[in-house]
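Student:
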Amino acid sequence: MELKEFLDKLPQDFENEKTIFYKAPGRINIIGEHTDYNGGLCLPAAIDKSIYFALTPSYETEIISLNEGNHYLLGQSKSPVDWAIYFKGVLDLLKEKAYQWPYFKLAFGGNLPSGAGLSSSSAITCGFISILNDFAELNLSKDKLTSLSVIAEKASGLDGGMMDQITILNAKKNHVLLINCDTWSIQYIQIPDSQTCWLVVDTKIKHKLVDTEYNARSKACEEIRIIARNLFGEIKSISQLNNFQQIEVCKHLSLQKQHFLNFVLSENIRVKSMVAALKNSDFTQAGKLLFEGHDGLRKWYLVSCDELDFLINYASHNSMAYGARMMGGGFGGSTLHLIEKSTKEKYIIGIKSAYKNRFGFEPNVFEAILETGVQKLNNNSKQVSLPILF
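Heads up, the final residue of the sequence shown is numbered 399 in our numbering, and it's a clean run with no missing numbers.
(1) Once DSSP output is grouped into helix, strand and coil, what is the label at GLN109?
(2) Are ILE39 and ALA54 close, meaning C-beta to C-beta below 8 Å?
(3) Tell me which same chain residues have a C-beta within less than 7 Å of the C-beta of LYS215, skipping the five on either side of it?
(4) CA-CA distance, ASP101 and TYR223?
(5) Does the beta-carbon distance from GLY84 to ALA161 come in below 8 Å?
(6) With DSSP as the reference, please indicate the residues paired to TRP207 in a beta bridge.
(7) Can you tell which of ALA107, ASP191, THR176 has its C-alpha closest to the C-alpha of TYR46?
(8) Taking the continuous alpha helix (DSSP H) assigned at GLU42, which residues delimit it?
(9) Quick check on this structure: which residue in LEU320, ASN327, HIS326 has the alpha carbon closest to the alpha carbon of ARG334?
(10) Does the count of Cβ pairs from the stretch 197 to 212 and the stretch 141 to 149 closer than 8 Å reach three?
(11) Is it right to say GLN174 is buried, meaning 16 or more other beta carbons lie within 10 angstroms of its own, or is it exposed?
(12) In the DSSP assignment, the beta strand (DSSP E) including PHE292 goes from what residue to what residue?
(13) So PHE269 and ARG226 are supposed to be a Cβ contact under 8 Å. How far apart are they, rounded?
(14) Which residues share a DSSP beta bridge with THR65?
(15) Any idea which residues DSSP pairs ARG36 with across the strands?
(16) Compute the distance between the beta-carbons of GLU276 and GLU69, then report whether it is under 8 Å.
(17) Is the beta carbon of ALA229 less than 8 Å from the beta carbon of LYS281?
(18) In the structure shown, what three-state DSSP assignment does PHE30 receive?
(19) Leaving out five residues before and five after ASP168 in sequence, what residues of the same chain have Cβ atoms less than 6 Å from its Cβ?
(20) Go ahead and pull the three-state DSSP assignment for MET283.
(21) Specify the secondary structure class of MET172 as computed by DSSP and reduced to three states.
(22) When we look at the beta-carbon of THR28 and count the other beta-carbons within 10 Å, is it buried (16 or more) or exposed?
(23) Would you kindly work out how many angstroms separate the C-alpha atoms of TYR356 and GLN204, rounded to a whole number?
(24) Give every residue of the same chain whose Cβ lies closer than 7 Å to the Cβ of LYS163, excluding the five residues on either side of it in the sequence, and list them in chain order.
(25) Which runs of the alpha helix (DSSP H), 4 residues or longer, sit entirely within the stretch 120 to 149?
(26) Please confirm whether ASN67 and LYS114 have their CB atoms less than 8 Å apart.
(27) Short of 7 Å in beta carbon distance, which residues of its chain neighbour LYS297, apart from the five on each side in sequence? Order them along the chain.
(28) Are the CB atoms of ALA33 and ALA180 nearer to each other than 8 Å?
(29) Starting from ILE160, trace the alpha helix (DSSP H) in both directions and tell me its first and last residue.
(30) Quick one: using the 10 Å Cβ neighbour count with 16 as the cut-off for buried, is ALA116 buried or exposed?
(31) So which of LYS350, SER325, GLU380 has the shortest CA-CA distance to PHE300?
(32) If you compare alpha carbons, which of GLY338, ASN327, HIS346 is closest to MET172?
(33) Can you check the stretch 310 to 362 for any alpha helix (DSSP H) of at least 4 residues that lies completely inside it and give the ranges in chain order?
(34) At the level of alpha carbons, what is the spacing between TYR323 and GLY126?
(35) Give the secondary structure of ILE236 by DSSP, where H, G and I count as helix, E and B as strand, and everything else as coil.
(36) Is the beta carbon of ILE72 less than 8 Å from the beta carbon of TYR81?
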């Protein structure tokens, strides 16, 4: 659902000057996977695929999904729709912290696919807390909104990190964010126009991460950290381990946990190498790092699947691609491909055809345009098809 369609589908209740509009983008992650909850480094960016929100005062609190055509009425006794957990997580957390707000009606929808490893759940969480902060005049800073979003999303049952929320609330157009997930510090790195582009290939395999082994990875890494702490004193995260400590810790781990630890530490090194490659426009090296990252996720962190591996194998045998890797938590979702911009259409046709021949249906493929984080749109009272960004 594009923005114009979203506006056209809004009920009449939203046709007033008190309605406010926001957009929250999805994100890609160039490299640095499963490092955020391990206090490591990652290199994400916001993209132009987004969730749109419209909020207006009301006599009861109701949230409407325009994409799915259903709604959640706050306080209803029956089990809410699946997506309501992200809104309820925000409301419950703010209520716990004694924040208050008037009743409202909110509609949301957009063109950001769910279950594709593009952080649609975080886009909902970050966009909702931002528009509610504005509507209720809570005066929460961006840093506070970020930390609250991280906590609120854990209500979904997924024991994730903070990369998605930091990115969605803080991204800059045409920049990637080098995030230190230990300190939550951000370094912006501009990505200039070049002969390359980033393609997202959505496998359309939708595995809820909370139903997979994602939380098991997080738990395993925490167990590794506790062993390291017992050996060397306070260790905030396994990303802090030096070479000697890594070797000593591995003596106390199963082979599988050794692989998990080695992957995380190697991935942190790849993030630093990727930053250097992008700054130097060394796309050959950048592509090599993408392939290496996927290889580690597949063989050592065990979060890939046949569909993801097929797409990476396609890229590895195609001269138009510098490199590719799976992106997101894993077990489905999307792959990220760095390719020559001039070959984009040919590459898309080829990879769609190959995937359909193998699995019986086409993937969703689009270019990822690096965008700004959460933004407020002007209230046009549905008189203009494309709101102007503030």
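We put the beta carbon where it would ideally sit given N, CA and C, even for glycine.
Tutor: Reading it off the structure:
(1) In the structure shown, GLN109 sits in coil (DSSP, three-state: anything other than H, G, I, E or B).
(2) yes
(3) Cβ neighbours of LYS215 beyond the five flanking positions: GLY124, GLY341.
(4) 24 Å
(5) no
(6) LEU347
(7) ASP191
(8) From DSSP, GLU42 is part of no alpha helix (DSSP H); its letter is neither H nor E.
(9) LEU320
(10) no
(11) buried
(12) Annotation: PHE292 is outside any beta strand (DSSP E); the continuous alpha helix (DSSP H) that includes it extends over 292 to 308.
(13) 7 Å
(14) In the DSSP assignment, the residues bridged to THR65 are LYS114.
(15) ALA55
(16) At least 8 Å separates the beta-carbon of GLU276 from that of GLU69.
(17) no
(18) strand
(19) Taking C-beta separations shorter than 6 Å and ignoring five residues to either side along the sequence, the partners of ASP168 in its chain run ASN224, SER227, following chain order.
(20) helix
(21) Note: MET172 maps to helix in three-state DSSP.
(22) Buried is the call here.
(23) 14 Å
(24) none
(25) 129 to 144
(26) In the sequence under discussion, the amino acid at residue 67 is Ser, which differs from the Asn named in the question. Taking 8 Å as the Cβ cut-off, SER67 and LYS114 qualify as a contacting pair.
(27) Scanning its chain for C-beta atoms nearer than 7 Å, with the 5 sequence neighbours on each side dropped, one finds around LYS297 the residues GLY332, in chain order.
(28) The criterion of a C-beta distance shorter than 8 Å is not satisfied by ALA33 and ALA180.
(29) Following the DSSP letters along the chain, one finds ILE160 inside the alpha helix (DSSP H) bounded by residues 151 to 162.
(30) Residue burial annotation: ALA116 is buried, with at least 16 other C-beta atoms found within 10 angstroms of its C-beta.
(31) SER325
(32) GLY338
(33) 315 to 325
(34) 20 Å
(35) helix
(36) yes
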